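**Student:** Pasting a structure below so you can have a look.
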Amino acid sequence: MTTETVHVPLGDRSYDVRIGEDLIAHAAREIGPLLARKRVAILTDKTVAAAHLDALITGLGDIDAVSLALPAGEATKSWAMLERSVEWLLAEKIERRDVMIALGGGVIGDLGGFAAAILRRGIRFVQVPTSLLAQVDSSVGGKTAINSPAAGKNLIGAFHQPALVLADIGVLDTLTPRDFLAGYGEVAKYGLLGDEAFFSWLEANGPALAAGDRALRARAVKRSVEMKSEIVARDETEQGDRALLNLGHTFCHALEAATGYSDRLLHGEGVAVGCALAFELSSRLGLCSQEDPSRVRAHLKAMGMKTDLADIPGDLPGAEALVDLMGQDKKVIDGQLRFIMARGIGQAFVTADVPRDAVVRLLEDALDARA
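Okay, so the sequence shown: first residue is 0 according to numbering that gives the first Met the number 0, each after it adds one.
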C-alpha cells in the first residue's frame with residue numbers, strides 16, 4: 000500500500016496527515032525531521048500501550064523516548080489527568096522545542112493536545128491515532144479538550160494544531176468490532192454532510208471495509224481527512240463552516256451526558272444515532288425528502304450500528320431533559336442552539352431556526368419507540 004499524504008493548509012500551522020501501513024514501524028523516519036534533539040515524550044493509555052507502545056518505541060530507533068500510560072476511557076479527559084500529564088512532562092524536562100507524541104484514540108489525542116497547548120505556553124505534538132474515530136476525525140483540526148464533570152463534554156480546551164499526524168491503517172486490525180464501527184459513525188458523517196458520492200461508495204463498500212480490507216479502509220480515512228482538512232482550512236476556529244463537522248453531535252453530546260459518558264454509548268455510536276435523528280428532524284421540517292432519513296438508517300443498520308434511542312441500553316431522561324442537555328453544547332450562541340440540518344444526503348447546513356417543540360416531539364417519539 001502506498002502511503003498517502005493529505006496536507007492541512009493553515010499557514011505557519013500547516014501540517015501533513017500521513018495515511019498508510021507500517022507508519023509506526025517507521026516512526027523515526029516520519030518524526031525525526033521535526034526534532035531539535037533526539038528525544039520525545041509519549042502520552043498514551045494502558046490499553047493502547049499494551050498493544051502498540053513497544054512497536055512505536057522500536058520504530059523510533061535511536062530517538063530516546065519516555066512514556067506515560069494513563070487509564071483508558073472517557074473519564075481520563077479530566078482536570079486530574081491533565082494535571083498529571085503536564086506535571087509528568089515538566090518532570091521529564093520537556094522543553095518548548097521538544098515534541099510530545101499522543102499515541103491513542105480520541106481521548107488521548109484530545110487530552111495530550113491540550114497538555115501540549117498549555118505546557119510552556121505551547122509545545123509541538125504529533126498525533127498517532129490508533130482508533131478509526133481518531134484517524135478520520137479527532138486527530139485532525141487542532142481541537143483539544145477535557146470534559147467538565149458538571150457541564151459537559153469538551154468544554155475546556157484550546158485550538159492547538161499538531162505538527163504531524165500518522166494514521167497507520169494496520170493498527171485498526173487490533174480494534175474490537177464495536178470500536179471500529181463506532182469510528183465508522185464519523186466516516187459516514189462525512190458523506191452525509193458534504194459528499195453524497197462518498198456516502199454511496201460507503202453503501203457499496205462498507206461491509207468489506209468493516210471486514211478488514213485495508214485498501215478500502217485507507218481510502219475511507221483519506222477521503223474523510225480530505226473533507227475535514229478542506230473545512231478546517233476555511234474555518235479553523237469554528238466561526239462558521241466548521242460547525243458542519245458537528246452533524247449529529249448536538250444529539251450525540253446530550254445522549255453521552257445522559258448516559259454518563261460510559262460504555263453504554265460510545266462517542267461514534269452517539270454520532271450515528273445523532274445523524275439519524277438530524278436527518279429525521281430535517282425531514283419533519285420539510286428540508287429533505289422522507290427517503291433520506293430512511294436511507295441513512297438503512298445503511299447504519301446494514302453495518303450493524305446503533306441507529307435509534309431504542310438501541311441504547313438502560314434508562315434515558317425525558318425529551319425535555321435531553322433538550323436541556325443540548326443547551327450546554329458549544330454551538331450555542333447568545334443562548335440560541337444551532338443545529339446541523341440537511342437538505343439531502345451530502346447537503347448539510349447550520350441553522351438556529353429549529354423550533355424547540357419540533358425537537359421535543361422527535362425525541363418523545365424516539366423515546367416512545369423504546370417502550
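In this text, a Cβ means the ideal position worked out from N, Cα and C, and glycines have one as well. Note that this is a predicted model, so its numbers are computed, not measured.
Taking contact to mean at least 3 C-beta pairs separated by less than 8 angstroms, is the segment 187-195 in contact with the segment 222-231?
**Tutor:** With the cut-off at 8 angstroms, the segment 187-195 and the segment 222-231 touch.
**Student:** Where DSSP assigns a beta bridge to Glu3, which residues make up the other side?
**Tutor:** In the DSSP output, where bridge partners are listed per residue, Glu3 has Ile18.
**Student:** So who's on the other strand from Gly371, going by DSSP bridges?
**Tutor:** Limits of the chain in this structure are 0 at one end and 370 at the other, which puts residue 371 out of reach.
**Student:** Note down, in chain order, each residue of its chain lying with its Cβ closer than 7 angstroms to the Cβ of Ser147, except the 5 sequence neighbours on either side.
**Tutor:** Same-chain partners within the cutoff: Leu154, Ile155.
**Student:** In this structure, how does DSSP classify Arg263 when only helix, strand and coil are distinguished?
**Tutor:** If DSSP states are grouped into helix, strand and coil, Arg263 belongs with coil.
**Student:** Who are Gly140's beta bridge partners in DSSP?
**Tutor:** None; Gly140 has no bridge partner.
**Student:** For Thr258, which of helix, strand or coil comes out of DSSP?
**Tutor:** Thr258 falls in the coil class under three-state DSSP.
**Student:** In the DSSP output, what is Phe348 paired with across the bridge?
**Tutor:** The partner list for Phe348 (beta bridge, DSSP) reads Met340.
**Student:** Do the segment 239-251 and the segment 334-354 meet, that is, are 3 or more Cβ pairs less than 8 angstroms apart?
**Tutor:** Touching, yes, given that three or more Cβ pairs across the two stretches are closer than 8 angstroms.
**Student:** List the residues that DSSP assigns as beta-bridge partners of Gly151.
**Tutor:** DSSP lists Ser147 as partners of Gly151.
**Student:** What number of angstroms, rounded off, separates the C-alpha of Lys37 from the C-alpha of Gly31?
**Tutor:** Answer to the nearest angstrom: the Cα atoms are 8 angstroms apart.
**Student:** Hey, how far is the Cα of Ala271 from the Cα of Asp262?
**Tutor:** Distance between the alpha carbons of Ala271 and Asp262: 15 angstroms.
**Student:** Work out the CA separation of Ser282 and Gln289 for me, nearest whole Å.
**Tutor:** Approximately 6 angstroms, taken between the alpha carbons.
**Student:** Grouping DSSP H, G and I as helix and E and B as strand, with all else coil, what is Arg38?
**Tutor:** It is a strand residue.
**Student:** Per DSSP, what are the beta-bridge partners of Phe158 in this structure?
**Tutor:** Phe158 pairs with Lys142.
**Student:** Would Ile311 pass as a contact of Leu264 if the rule is Cβ separation under 8 angstroms?
**Tutor:** In contact: Ile311 and Leu264 (Cβ atoms closer than 8 angstroms).
**Student:** Taking its Cβ as the centre, do 16 or more other Cβ atoms sit within 10 Å of Ala92, making it buried, or is it exposed?
**Tutor:** In the sequence as displayed, the identity of residue 92 is Lys instead of Ala. The residue in question, Lys92, is exposed, as its Cβ has fewer than 16 Cβ neighbours within 10 Å.
**Student:** Residues bridged to Ser66 by DSSP?
**Tutor:** Paired residues: Ile41.
**Student:** Compute the distance between the beta-carbons of His266 and Ala181, then report whether it is under 8 angstroms.
**Tutor:** Yes, Cβ-Cβ distance for His266 and Ala181 is below 8 angstroms.
**Student:** Going by beta carbon distance, what residues of the same chain come within less than 8 angstroms of Thr4, once the five residues before and after it are set aside?
**Tutor:** These residues qualify, in order along the chain: Asp15, Val16, Arg17, Ile18.
**Student:** Can you list, in chain order, the residues of its chain whose CB lies under 8 angstroms from that of Phe348, leaving out five sequence neighbours each side?
**Tutor:** Only Leu243, Ile339, Met340, Ala341, Arg342 meet the Cβ criterion.
**Student:** Less than 8 angstroms between the CB atoms is what I'm expecting for Val39 and Ala64, so what's the real figure, rounded?
**Tutor:** Contact flag correct, Cβ pair sits at about 5 angstroms.
**Student:** Please report the straight-line C-alpha distance between Leu324 and Leu308, rounded to a whole angstrom.
**Tutor:** Each residue's alpha carbon lies about 16 angstroms from the other.
**Student:** Taking Ala210 as the reference, which of Thr175, Asp234, Ala150 has the closest Cα?
**Tutor:** Closest by alpha carbon: Thr175.
**Student:** Measuring CB to CB, does Asp303 end up less than 8 angstroms from Phe198?
**Tutor:** First, the amino acid is wrong: residue 303 is Gly here, not Asp. No, the Cβ-Cβ distance between Gly303 and Phe198 is not below 8 angstroms.
**Student:** Using 8 angstroms for Cβ pairs, my map puts Ala27 next to Gly60. What's the rounded Cβ distance?
**Tutor:** Confirmed, Cβ separation roughly 4 angstroms.
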